[in-house]
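Undergrad:
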Amino acid sequence: MGNSFPSNERVKSRIVVGRLFGDCDSGFAFPIKYKLIVEESASPSVEVLFSVPKRFHKRANKRNLLKRRMRESYRLAKAPLQALAQERGCAVRIAFIYVSKEELPYAPINNSILRILNDVQGVL
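First residue of the sequence shown? That's 254 in my numbering, and the numbers climb one at a time after it.
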């Protein structure tokens with residue numbers, strides 16, 4: 254597995270997005286809240302969604318910057334989670350939601366993503 258982030262690893266289905274933002278497992282590691290769905294599946298995979306609410310960050314370029322930082326952090330740390338999902342035969346879907354009103358640098362976002370991925374691995 255490389256460190257790429259292809260489109261088949263992104264949540265694109267409206268049904269799945271609705272389920273993620275409905276009733277599902279969730280957690281928080283400042284500045285990111287996460288929502289999680291884990292299902293047994295014949296085709297195990299990990300799909301993710303990144304969101305920065307317009308409510309807190311009005312300018313699109315700031316939202317895009319924060320999403321880019323979250324994606325980069327996830328891309329570099331996703332390998333153990335994907336290997337565990339393959340081993341257990343689970344389909345994992347995660348939504349990362351940036352909830353801070355401040356624009357933080359890469360380091361705290363990276364630490365948060367790493368803590369979240371460790372929590373998710375514990376759930377599997």
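Ideal Cβ placement from N, Cα and C applies to all residues, glycine included.
With contact counted as at least three CB pairs below 8 Å, one residue from each stretch, are the segment 269-277 and the segment 337-351 in contact?
TA: The answer is yes - the segment 337-351 touches the segment 269-277, with three or more Cβ pairs under 8 Å.
Undergrad: Run through the segment 277-320 for me and flag every whole beta strand (DSSP E) of 3 or more residues, listed as ranges in chain order.
TA: Here the runs fully enclosed are 278-282, 285-293, 298-304.
Undergrad: Can you look up residue 264 in the DSSP assignment and give me helix, strand or coil?
TA: Counting from 1 along the sequence shown, the entry for residue 264 is found at position 11. Looking at residue 264 - three-state DSSP - the assignment turns out to be coil, as it is neither helix nor strand.
Undergrad: Should residue 284 be labelled buried (16 or more other beta-carbon atoms within 10 Å of its own) or exposed?
TA: As a first step, residue 284 is located in the sequence shown; it is residue number 31 there, counting from the start. Burial call: buried.
Undergrad: Report, in whole angstroms, the separation of the C-beta atoms of residue 262 and residue 300, which I expect to be a contact under 8 Å.
TA: For this step, residue 262 is matched to residue 9 along the sequence shown. For this step, residue 300 is matched to residue 47 along the sequence shown. Correct: roughly 6 Å between the Cβ atoms.
Undergrad: With DSSP run on the structure shown, which of helix, strand or coil describes residue 345?
TA: Counting from one through the sequence shown, the residue named residue 345 turns up at place 92. If DSSP states are grouped into helix, strand and coil, residue 345 belongs with the strands.
Undergrad: Would you say the beta carbon of residue 375 is closer than 6 Å to some non-hydrogen atom of the ligand GTP?
TA: Annotation note on the ligand GTP: not contained in the displayed structure, which lists no ligands.
Undergrad: Using the rule of at least 16 other Cβ atoms within 10 Å of the residue's Cβ for burial, across every protein chain shown, is residue 312 buried or exposed?
TA: As a first step, residue 312 must be located in the sequence shown, where it is residue number 59. By the 10 Å Cβ count, residue 312 comes out exposed.
Undergrad: Measuring only the C-alpha atoms, how far is residue 279 from residue 377?
TA: What you label residue 279 is simply residue 26 of the sequence shown in a count that begins at 1. What you label residue 377 is simply residue 124 of the sequence shown in a count that begins at 1. Answer to the nearest angstrom: the Cα atoms are 14 Å apart.
Undergrad: Using the C-alpha atoms, what's the distance from residue 374 back to residue 338?
TA: Here the question's residue 338 lines up with position 85 in the sequence shown. Here the question's residue 374 lines up with position 121 in the sequence shown. About 9 Å.
Undergrad: Buried or exposed, going by whether 16 or more other CB atoms sit within 10 Å of the CB of residue 351?
TA: The residue given as residue 351 occupies position 98 in the sequence shown. Classification of residue 351: buried, given that the 10 Å Cβ count is 16 or more.
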